[in-house]
Amino acid sequence: MTSSSLSVPERRTARIVFLGAAGVGKTALIARFLQDRFEPRHARTVEELHALECDLDGAARLRLEILDTSGSYAFPAMRALRIRTGDAFALVYAARDRGSLEEAQRLRDEILEIKGDAFNAITVVESKADLASRSRAECARAMRAVEDEWHAGFVSASARTGENVAAVFRELLARADLPSRVSPALRRRRQICARDCGDKKTRRKNNSCVLS
Numbered sequence: 001m002t003s004s005s006l007s008v009p010e011r012r013t014a015r016i017v018f019l020g021a022a023g024v025g026k027t028a029l030i031a032r033f034l035q036d037r038f039e040p041r042h043a044r045t046v047e048e049l050h051a052l053e054c055d056l057d058g059a060a061r062l063r064l065e066i067l068d069t070s071g072s073y074a075f076p077a078m079r080a081l082r083i084r085t086g087d088a089f090a091l092v093y094a095a096r097d098r099g100s101l102e103e104a105q106r107l108r109d110e111i112l113e114i115k116g117d118a119f120n121a122i123t124v125v126e127s128k129a130d131l132a133s134r135s136r137a138e139c140a141r142a143m144r145a146v147e148d149e150w151h152a153g154f155v156s157a158s159a160r161t162g163e164n165v166a167a168v169f170r171e172l173l174a175r176a177d178l179p180s181r182v183s184p185a186l187r188r189r190r191q192i193c194a195r196d197c198g199d200k201k202t203r204r205k206n207n208s209c210v211l212s
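Reading the sequence shown from the start, the letters are residues 1 to 212 in UniProt numbering.
What follows is the structure in structure tokens.
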């Protein structure tokens, strides 16, 4: 082994995939995490990929990819491909939308069908928690049901207020079996790429490099 090879940090890539029904707040959660902003108007997402470079205590580097998917895939084969290439999954549902929770369950079943029953890098995200009129006890019951029956993580979050948004990503990283030291490194994250992967007619977001 040469001395030059010792100086090159190891690089790993991990992909987090956000899935869920249309309008549940997937894009809003990602925007709050990456840019600390909230857009109250809903715009349909076709598909968008964000990539971040994170230093792991100087010993290695992580390329973290966050894939924001459409709420309705026209081609099931495309959704299956996104599942096969994902390392961890956020299944997002809206707190006041029972149908979106049922969609999250259906998506979980599809993930397990493709990844295998032992796959557990799944976090269920209750979005729009600030709009929910339910007690902490009810939220705790939902968490227990997800953890005990689905064997998945659970986070109740709000993109509008920012509550628990960082916790969503910490849970996803833990579920992807990434080193715990990655989480504080994300506070020094650098967004290096954002691009649309879908319909050219969909509103494109800024794809220049953004430092945060």
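Glycine is no exception: its CB is placed at the ideal position from the N, C-alpha and C atoms. Fair warning: this is a prediction, and the values are worked out from it, not measured in the lab.
Report the residue from 75, 76, 130 and 111 whose alpha carbon sits nearest the alpha carbon of residue 214. Lying before the first or after the last residue shown, residue 214 is absent from the chain, which here runs from 1 to 212.
Give me the Cα-Cα distance between residue 63 and residue 26, rounded to the nearest whole angstrom. Distance from the CA atom of residue 63 to the CA atom of residue 26, rounded to whole angstroms, is 21 Å.
Unbroken stretches of the beta strand (DSSP E), 3 residues or longer, contained in the region 133–177: Complete beta strand (DSSP E) runs here, min 3: 153–156.
Among 37, 40, 79 and 51, which has the Cα closest to the Cα of residue 21? Of 37, 40, 79 and 51, the smallest CA-CA separation from residue 21 is found for 79.
What separation, rounded to the nearest whole angstrom, lies between the Cα atoms of residue 61 and residue 141? Rounded to whole angstroms, residue 61 to residue 141 spans 38 Å at the Cα level.
So if DSSP puts residue 94 in a beta bridge, which residue, or which two residues, is it bridged to? Looking at the DSSP output, residue 94 shares a beta bridge with 127.
Which listed residue (84, 15, 34 and 90) has its alpha carbon closest to that of residue 127: Minimum Cα distance to residue 127 is reached at 90.
When DSSP labels each residue in this structure, what does residue 21 get in the three-state scheme? If DSSP states are grouped into helix, strand and coil, residue 21 belongs with coil.
In terms of residues, what are the limits of the alpha helix (DSSP H) holding residue 84? According to the DSSP assignment, residue 84 belongs to the alpha helix (DSSP H) that extends over 76–84.
Note down, in chain order, each residue of its chain lying with its Cβ closer than 7 Å to the Cβ of residue 82, except the 5 sequence neighbours on either side. Excluding sequence neighbours, residue 82 sits near 17, 67 and 69.
How long is the line joining the alpha carbons of residue 88 and residue 172, rounded to whole angstroms? As the crow flies, the alpha-carbon of residue 88 is around 6 Å from that of residue 172.
Do three or more CB pairs link the region 106–121 to the region 31–45 at distances below 8 Å? The region 106–121, when compared against the region 31–45, does not touch it at the 8 Å Cβ threshold.
Starting from the C-beta of residue 151, find all residues in its chain whose C-beta is less than 7 Å away, skip the five residues before and the five after it, and write them out in chain order. Excluding positions up to five away in sequence, the list reads 120.
Mind reading off the beta-carbon distance from residue 146 to residue 154? Whole number of angstroms is fine, and I expect it under 8 Å. About 4 Å separates the two Cβ atoms, so the contact holds.
Contact set for residue 111: own chain, Cβ-Cβ below 7 Å, skip 5 residues either direction: Once the five neighbours on either side are set aside, the close Cβ partners of residue 111 are 83, 89, 119 and 122.
How long is the line joining the alpha carbons of residue 275 and residue 96, rounded to whole angstroms? The question about residue 275 has no answer here: the residues shown for the chain are numbered 1 through 212.
Consult DSSP for residue 118 and reduce its assignment to one of helix, strand or coil. Of the three classes helix, strand and coil, the one that applies to residue 118 here is coil, per DSSP.
Where the alpha helix (DSSP H) containing residue 32 begins and where it ends: Per DSSP, residue 32 belongs to the alpha helix (DSSP H) from 26–35.
Which value, in whole angstroms, describes the spacing of the CA atoms of residue 13 and residue 148? Roughly 30 Å between the two C-alpha positions.
Beta-carbon proximity list for residue 162, same chain, < 7 Å, skipping 5 on both sides: 32, listed in sequence order.
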